[in-house]
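Going by full-length UniProt numbering, the sequence shown opens with residue 1, and the numbers climb by one from there.
Think of the CB as a built atom: it goes at the ideal place given N, C-alpha and C, for glycine as much as any other residue.
The next block holds one structure in the form of structure tokens; read it before the comments.
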Amino acid sequence: MSANSYDGCKAAQAEQHKTMEARAREKGQALPAPRQNGCDHMKAQGMFN
Numbered sequence: 001m002s003a004n005s006y007d008g009c010k011a012a013q014a015e016q017h018k019t020m021e022a023r024a025r026e027k028g029q030a031l032p033a034p035r036q037n038g039c040d041h042m043k044a045q046g047m048f049n
């Protein structure tokens, strides 16, 4: 995932989550909850302006 802004990060994260949900559903598995929000973590580290 590569994003230049917080909003871009959130959009990429949402798209990836949809892909992972579909793959888990195909396998008959539940998608575990994320341990942390990567975009929020990067924002706190000052990676986005």
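Which class does Gly38 belong to by DSSP, given the choice of helix, strand or coil?
Gly38 falls in the helix class under three-state DSSP.
Reducing DSSP to helix, strand and coil, say where Gly8 ends up.
In this structure, Gly8 counts as helix in the three-state DSSP scheme.
Near Phe48, which residues of its chain fall below 6 Å by C-beta distance, leaving aside the five closest residues on each side in sequence?
The answer, listed in chain order, is Ser5 and Tyr6.
Would you identify the three-state DSSP class for Met20, choosing helix, strand or coil?
Note: Met20 maps to helix in three-state DSSP.
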